[in-house]
Structures are given as C-alpha cells and as structure tokens.
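**Q** Sharing a structure, written as structure tokens. Questions coming.
Number of protein chains: 2
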Amino acid sequence: MMTRERAPLSLERGGAELEAPSELDATRLVLDAVRLASASSRMEITRTTGLGRAAVAQRVAELLRLGLLEESGGAPSTGGRPPRRLSFRASAGYVLAADLGATSINVAAADLSARILHHRAEDSDIAHGPEAVLGRVEAMFDELLAESAAPGALWGIGIGVPGPVEFFTGRPVAPPIMPGWDGYTIRERFGLRFGVPVWVDNDVNTMALGEWRWGVARGHRNVVWVKIGTGIGSGLISDGAQHRGADGAAGDIGHIQVAEEGVVCRCGNIGCLEALAGGAALARDADVAARSDRSRWLAQALERDGAVTARSVALGACHGDPVCVGLLQRSGRLVGQVLASIVNFFNPSLIVIGGGLATSGDILLATIRETVYRRSLPLATRELRIVPSGLGEVAGVIGASAMVVDQLLSRERFEETIGCLAA
Amino acid sequence: MMTRERAPLSLERGGAELEAPSELDATRLVLDAVRLASASSRMEITRTTGLGRAAVAQRVAELLRLGLLEESGGAPSTGGRPPRRLSFRASAGYVLAADLGATSINVAAADLSARILHHRAEDSDIAHGPEAVLGRVEAMFDELLAESAAPGALWGIGIGVPGPVEFFTGRPVAPPIMPGWDGYTIRERFGLRFGVPVWVDNDVNTMALGEWRWGVARGHRNVVWVKIGTGIGSGLISDGAQHRGADGAAGDIGHIQVAEEGVVCRCGNIGCLEALAGGAALARDADVAARSDRSRWLAQALERDGAVTARSVALGACHGDPVCVGLLQRSGRLVGQVLASIVNFFNPSLIVIGGGLATSGDILLATIRETVYRRSLPLATRELRIVPSGLGEVAGVIGASAMVVDQLLSRERFEETIGCLAA
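This is the structure in structure tokens:
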C-alpha cells in the first residue's frame, strides 16, 4: 500500500528550489500527453505540450525512473535507430471503484488507465442507509483485494452515489433518494479503512467521465450524459473538462419542472421531469394501466410477477403493446423537451442516453431524438448526435476509477503523488 | 497601423528553435498573470504561473522590451531596494469595438485592457441589412479614428451582433432578427477596410465577457448573463472560460419552449420564451391592453406617443399601474422558470440580468429571483446570486474589445502578435 507521506521529490536535486514548480508542471504535462492525448514519442509529446525538446527528454527520463512511463521497441524501422514507443505504465498501481445505484452496487479494481481488472455486482437498496450499504461495499472491496492479482500499490478509491455531492468534501447534500446519507462522511470512512485518498461524486458525473474516457463520448468536448433509470440525472463535459458547477450540483435535470400541476416529486416540488418520465413514474402508471386492464400485456405481467416495473413496460413496448409504447413515448417526449432546452442553452456536440430505461429498445431514444431536433435551433443541432451509452453498467466504475487517477495526477496533488512513488 | 507580417521573434535568438514554443508559452503565461490575474511582482507571477523564478525574470524582461509590461516604483519600502510594480501596458495599442443591437449601434475605441477611450452611440435598425448598418459602423469607426488621440497602433476590431454567429468564421448563422445577414462576411469586410484582424460574436457573448472582465461578474467562474431586451438571449462563463458550445450557439435561451400553444415566434416555433416574455411581446400585449382600455396608463401612453413600448410598460409599473405590473411579473415568471431549469442543469454562482427591460425597475428582477429560488434545488442555489448588470449599454463594446485582445494573446495567435510588435 502506498504511504501517504510527502517526499518533495523535485526539491532533492540541484537545490533549484524555486524552479521546482516549473519542472513539476512540465512533468505533469508530459505524463498527461502520453496518458490522455496518446502521444507515444518524444516528438509527439513536444508537439502536444508545447515544451522544448530538451525539457521533454528530461521529463520523460524522470517519468521512466518513477515507473509512470514505459518504453518499448517501436515499429520496424527502415534504417537508423528504431523509434522507441512510450506508453503510460497503467500497471504501476491500481484503484478501487464503487458505483452505488438506487438498487445496485457495482465494484471494480482497475488499473491506472481505468481498465477494469476485476468486477463484481449485486442488488442493494440505497435507502438502507450508509452503514448497511457502505459495509457491503467494504466487504466487496475486501473480496476484490483478496482475489486480486493487481500489480503495484493501491493508489486510491473512487465512489459514485446516486445523488448530489459536494465534491470538495465528498459529502452527499440533501440527496432525494438516499435517506440517512445527507452529509455522511463517506470519504473519511474509506480513507481510514483503506489508508488511501478517496473521492466521491454524483454517479452521473462518474458515468459521464467513464463514457468520455473510454466510451462513445471519446474525443468530444461538449457532452451531456443523461441517465434515465429510476430517477433522471445528467453529467456534463464542458469545453473538454468535467463541469460540476459552482456547488457541484450541475446536471440535476430530473427536477426541472415540465408540468404546472400533477404529480408531487420526491423532492417536494410539483411536475418534475423525473416524477413524470423516470422509471418509477413509468412503473406507477403501468400499475394503473394493469389494474384498469387497459393493457393486456401489463395485466398479465402484474398477475405473473406480482408487480409491474419500468422493465415490464420496456418489454411490452418491444412486443408492440400500445399502452407500453405510449408510456415510453411520453417519457421520451418529456426528456426530449428538457434536452431541447439544454441544447439551446449549452450546445453540446453529443448527448449520450444511458441508465436502465435507455436499454429498453429504440422507442425511447427515437422519441427523444425526434423531440430534440424539432424543438432546438438549427445552428445548435447542426453537428449534434444523440446516441445510447456504449459502456452500460460499468460506465460508473470506469469513471470512478478515472476520477481517482485524474485527481491524484492533478496540478494540486501531483507533487504529493510522485513524492509517494519516489519514497 | 500594425503590419500583419509574421516576424518569428523567438526563433531569432540563440538558434534554440525547438525550445521556442516553450518560451512563447511561458511569455504568454507571464503576460496573462499580470493582465488578467493582477500579479504585480515577479514573486506573485511565480506563484500564479507555477514557473520558476529565473524563467519569470527572463520572460518579464522580454515583455518589458516588447512594451507589453511596464514597471513603476512600488509602495514606500521600509528598507532595502523598493519593490518595483509591474503592470500591463494597456496603452501599447488600442482596439475598435462595435455592439450592434436590434435598434442601436454602440462603437468605442478602447485600450488593451478594454477600458473605453472614446464612445459613440446612435439609433439604428439591424433589419436594414449589413450594407447599410456596417456602412454606418465604418463611418463611426472613421470618426473615432479621426478624433482619437489613442496611443500606439490599432491592434484589431471586435464586433457583437444580435444573433447566433459561427465564431470560427465570424459569420451570422440564420439570425432570426437580422434579415439579410445570414452568412455575411463581416470579418472579411472589416479586415480589408482596416487592415487588422477582426472577431465577431453574438452580442450576448461579448456582453457576458465585458461584465466578467470589468463588471459585477468579476471573479466568478460560472456565470449566466441574461439579456432581456426586444429578444432574450444569454452568454455563459463555464469554469472560468467563455462557453460558446460545439457550434457557437450556446446561450440561446430565447427559443426555449415555455408554452405548448399560443404565440408563434419569429423563429417559426410556438411558445418560445422570447415570444412571450421579451420586450416585443410586452409591447404587443401592452398595445392590446391600451386599446381595450384595461390600463388607463397604457391608454394615455398610446394616445400621447402614438404607440406603446416595453418602456411604457416599465414606466407604468413604476407608477403602480396594475396591468403593467402584471405584464412585467408574467415576463419575470417565465424568465425565472427557464432560469430555474438552467440553475439545476448548469449550477452557476451568478446570474446577471441585463438588456433594456432589466433597467425597468425592481419588479422584473424580484419576480425572476422569487421564481428561481422557489423552483431550483437547494444545493444549486446555496451560493447563487441574481443581480442586475453593472455596465449597462457599454457592456457590449467593453466585451468586444476584451475579445479582440484575448484572441490576439491566445495560444494560437500569440507568436504572430508579438512578432508584429518586434517587427
């Protein structure tokens, strides 16, 4: 396990104390050029970073010595010295990640490039509260650690939770579907238990990051990642960086008002998007349709399974049940209406639709697309694509893993992180 | 006038060709630390940029030589060498800026810190088309140049127009209230006429930039600047940088749908925010109220002036006319409803309300505030402030001036810009 003591690496050499930050920044830029921008030669790093050739050579040498970069023989050369290819040594350590949904826990061990090494999932209920749920996460982490042949040291832990989080402290803030979690010190709990740094974020943010790093959103600079599950939320990439907003509350689109009256949302307001279009809303209205026998499909599902869920509606729609199709279309129109406003306001180049309901076939996505393109301004939709999530249920743990490595290698933490490596 | 020939300054010295980008980047960082982050000593620059002390001293020396920084005696010292204070030499050149509104032209000459040296305004009608309107702008620029004792060379021209612009080419894209302007080559026209680089942007973007650089939004990292005039639009600051979106269309909130049926908007859709809450909508509904004699104030205004405008409504509200108060409250509720969605989605720390209607007294602002705070999530409004614009009608020309200098000193243009200075 990594020690967390600070070894101010760059201050040990040459006594050029005041130059240290500059070298550190350069080292970090070089590492990110290889790690995130796929530069694989010193020449490409020079181009990507804008650093000079000599500085790049020095920084690469240091990163090789620290074990954060590795070098391999390049492609067959036609003569002269064969080019050596640099890559990020993702096996230099590993991270643990947990993605807590309303009804599930996903955990994973991942390498430093957020590639999953081991993954486990089980059903859970977030409403059981932090002691019960986080106790299970700890046990699942212990199992991963026991079975894991992960190389290197544990660098840190990343956790996504289904509600708003103050990112700076890692504490949930009045999360509507997480009774008992308000202000809970998740970060401190895992930090004490595992002795490594911990970051916590809203799951839609970790999912957006996962999809941006390794999924369909790769290469886009302005992305809205929408989760349509029991509830509805979104995570944003703005101008090539994750956007959390002034209080870490950005992306909370589930509580945008779409109706003047009607259903009271769990947040206390009336007419919220998720109270009318989320999975819980679909299940509620499907139950009414089943009991009133308007839909034979749903009535049969109720009789067979004892309850109807959003999944029953999705299955019914696939089989052509008109009530189920109508319910999904209503959800799609409401989500599309909110996304049309967001397209006019934010002008993303990509909207990714993920979450449980998004995997329910084409009807929801088609209705969302049709509504967005009809209601948005031409300029804002010229390049816009609306696509389903490519990573599915592992988007969250991939993103939580990437979050940990990004934070440890951020400008604020970089000196401490490589100090630990050198120690 | 500056020549636009390229003099690759950094390549002239020492032959360290491949090191040049690194020095250039450092020079730019040092300049921005003084220009934008108010660093005024070499030590503060070291802290702000993360560059080493020796590098900062070299870069400062080069910037002094180029005339982009200047040095003055510092505060009285208690002993030793008095500290010298560095500042951006904003008088090294000047820029011309134009802010085209639906019914007005504002032009200004400004120094390189976007401080106005000379300012002129006149009524105009954007619907007269680019030849007529831009001909007037050129004539007003000529007057400014003739009367101006602006120091240094003309560096560039910035223009804000009341509609969507593809920022990369500077061309309006299907602007709803600008007949004849679609695709017009504003940039090329002024570039040929004045021989300097030109940037064009949506006026809400230039106004947001102006307010962020010199107005009430200074120091905030996430800002929504809302213009409520004849139409309604917004400009965004996201994580400390201007956000234009994937196609430069971000901020176009006037065409977000707020009603299912009713008024057809000039964009062709039904129920757009600006068709129900903008100045033109107020004037339309005030006219109906005047003719039906529901409001004595408006009937008198119609008789006296021959027409009622949004301004008549604002004045009537100040005098307590209940129909005028009601009309402003309706606008405020609709704008507030859209802004509440935006607060949930984007989580800004500041919303600035500007434009003609915003100066109409407290009723509109109070209604907007009340609606936003009632409809947004607690976490997203914890730090949120909603304030009126501080710069008024000059926000646009200040922002257009700042845009030009920011672009000329951006990473992409910096080498060329200081090359011109050295030539």
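For the record, the sequence lines run as chains H and R. So for the first sequence, this note's numbering puts the first residue at 1; every next one is plus one. So for the second sequence, this note's numbering puts the first residue at 1001; every next one is plus one. Just so you know, even glycine gets a beta-carbon here, dropped at the ideal spot from N, CA and C. Note that the coordinates shown come from a computational prediction; the quantities given were computed from them, not determined experimentally.
(1) Would you mind working out which of H:23, H:69, H:71 sits nearest residue 51 of chain H, comparing C-alpha positions?
(2) Flag this pair as touching only if the region 1220–1234 of chain R and the region 1320–1336 of chain R have three or more C-beta atom pairs under 8 angstroms; answer yes or no.
(3) Hey, out of R:1339, R:1130, R:1058, whose CA is closest to residue 1258 of chain R's CA?
(4) Is it buried or exposed for residue 72 of chain H, if we count other Cβ within 10 angstroms and need 16 for buried?
(5) Please classify residue 128 of chain H as buried or exposed, where buried requires at least 16 other C-beta atoms within 10 Å of its C-beta.
(6) Just the C-alpha distance for residue 1255 of chain R and residue 1126 of chain R, rounded to the nearest angstrom, thanks.
(7) Let's test the definition: count the other Cβ atoms within 10 Å of the Cβ of residue 362 of chain H and tell me whether it reaches 16, buried, or not, exposed.
(8) Under the rule that 16 or more other beta-carbon atoms within 10 Å means buried, what is residue 1403 of chain R, buried or exposed?
(9) Does DSSP put residue 1184 of chain R in a helix, in a strand, or in coil?
(10) Between H:138, H:123, H:158, H:131, which has its C-alpha nearest residue 110 of chain H's C-alpha?
(11) Whose C-beta lies closer than 6 angstroms to the C-beta of residue 1289 of chain R among residues of the same chain, with five residues either side of it excluded?
(12) I'd like the span of the beta strand (DSSP E) that includes residue 1161 of chain R, first residue to last.
(13) Identify the residues that DSSP records as bridge partners of residue 1199 of chain R: which are they?
(14) Locate the beta strand (DSSP E) running through residue 175 of chain H, then write down its first and last residues.
(15) Taking its Cβ as the centre, do 16 or more other Cβ atoms sit within 10 Å of residue 1408 of chain R, making it buried, or is it exposed?
(16) What residues of chain H sit near residue 1257 of chain R, judged by a beta carbon separation below 8 angstroms?
(17) Look up residue 1130 of chain R in the DSSP assignment and say whether it is helix, strand or coil.
(18) Suppose contacts are defined by Cβ-Cβ distances below 7 angstroms. Is residue 92 of chain H in contact with residue 397 of chain H by that definition?
(19) Given that a residue counts as buried once 16 or more other Cβ atoms are within 10 Å of its Cβ, and exposed if not, what is residue 1211 of chain R?
(20) Determine, using beta carbons only, whether residue 208 of chain H and residue 1346 of chain R come nearer to each other than 7 angstroms.
(21) Taking residue 383 of chain H as the query, report the chain R residues whose CB atoms sit under 8 angstroms from its CB, ordered along the chain.
(22) Give me the Cβ distance between residue 1233 of chain R and residue 1252 of chain R, rounded to the nearest whole Å; I'm assuming they're in contact under 8 angstroms.
(23) Just to make sure I have the definition right: I need the residues of chain R whose C-beta is within less than 9 angstroms of the C-beta of residue 222 of chain H. Which are they?
(24) DSSP puts residue 120 of chain H in a beta bridge; with which residues?
(25) Can you grab the Cα-Cα spacing for the pair residue 156 of chain H / residue 198 of chain H, in whole Å?
(26) Per DSSP, residue 1115 of chain R is paired with what?
(27) Using DSSP bridges, identify the partner residues of residue 389 of chain H.
(28) Considering only the beta carbon of each residue, do residue 1263 of chain R and residue 1282 of chain R sit closer than 7 angstroms?
(29) What residues match up with residue 1225 of chain R in a beta bridge as DSSP calls it?
(30) Which residues mark the beginning and the end of the alpha helix (DSSP H) in which residue 343 of chain H is found?
(31) Tell me the DSSP secondary structure of residue 256 of chain H in three-state form.
(32) If you draw a straight line from the C-alpha of residue 1437 of chain R to the C-alpha of residue 1043 of chain R, how long is it?
(33) Going by C-alpha distance, which of R:1399, R:1377, R:1121, R:1393 is nearest residue 1218 of chain R?
(34) Say whether chain H places a C-beta atom closer than 7 angstroms to the C-beta of residue 1349 of chain R.
(35) Mind checking whether residue 1112 of chain R and residue 1090 of chain R have CB atoms under 7 angstroms apart?
(36) Helix or strand or just coil, what does DSSP make of residue 1166 of chain R?
**A** Checking against the coordinates, here is how it stands:
(1) When each option's Cα is compared against that of residue 51 of chain H, the closest is H:23.
(2) Result yes; three or more Cβ-Cβ pairs closer than 8 angstroms.
(3) If we check each option's Cα against that of residue 1258 of chain R, R:1339 comes out closest.
(4) Note on residue 72 of chain H: under 16 other CB atoms within 10 angstroms of its CB, so exposed under the neighbour-count rule.
(5) So residue 128 of chain H ends up on the exposed side.
(6) Those two C-alpha atoms are separated by around 19 angstroms.
(7) Residue 362 of chain H is exposed by the Cβ-count criterion.
(8) Classification of residue 1403 of chain R: buried, given that the 10 Å Cβ count is 16 or more.
(9) Here residue 1184 of chain R carries a coil assignment [DSSP, helix/strand/coil].
(10) Ranking the options by Cα distance to residue 110 of chain H, first place goes to H:158.
(11) Closer than 6 angstroms at Cβ, skipping near neighbours: 1295, 1298, 1323.
(12) Element bounds for residue 1161 of chain R: 1153–1161.
(13) According to DSSP, which records beta bridges pairwise, residue 1199 of chain R is partnered with R:1158.
(14) Secondary structure note for residue 175 of chain H: it is in no beta strand (DSSP E), with a DSSP letter that is neither H nor E.
(15) Flag for residue 1408 of chain R reads buried.
(16) Chain H residues near residue 1257 of chain R: 337, 340, 341, 375.
(17) When secondary structure is reduced to three states using DSSP, residue 1130 of chain R falls in the helix class.
(18) Cβ atoms of residue 92 of chain H and residue 397 of chain H: not closer than 7 angstroms.
(19) Here residue 1211 of chain R is buried: its Cβ has 16 or more other Cβ atoms, across all protein chains shown, within 10 Å.
(20) No, Cβ-Cβ distance for residue 208 of chain H and residue 1346 of chain R is not below 7 angstroms.
(21) Taking a Cβ-Cβ cut-off of 8 angstroms, the neighbours of residue 383 of chain H in chain R comprise 1246, 1247, given in sequence order.
(22) Correct: roughly 6 angstroms between the Cβ atoms.
(23) In chain order: 1243, 1245, 1246, 1250.
(24) Within the DSSP bridge table, the entry for residue 120 of chain H names H:107 as partners.
(25) Rounded to whole angstroms, residue 156 of chain H to residue 198 of chain H spans 6 angstroms at the Cα level.
(26) For residue 1115 of chain R, DSSP assigns no beta-bridge partner whatsoever.
(27) Answer is none; residue 389 of chain H lacks a bridge partner.
(28) In this structure, residue 1282 of chain R does not lie closer than 7 angstroms to residue 1263 of chain R by Cβ.
(29) Answer by DSSP bridge pairing, in chain order: R:1235, R:1352.
(30) Per DSSP, residue 343 of chain H belongs to the alpha helix (DSSP H) from 322–346.
(31) For residue 256 of chain H, the three-state secondary structure derived from DSSP is coil.
(32) Any question about residue 1437 of chain R goes unanswered here, given that chain R covers just 1001 to 1423.
(33) Of the candidates R:1399, R:1377, R:1121, R:1393, the one whose C-alpha sits nearest the C-alpha of residue 1218 of chain R is R:1399.
(34) The C-beta of residue 1349 of chain R comes closer than 7 angstroms to at least one C-beta of chain H.
(35) Cβ distance < 7 angstroms, so residue 1112 of chain R and residue 1090 of chain R count as in contact.
(36) Note: residue 1166 of chain R maps to strand in three-state DSSP.
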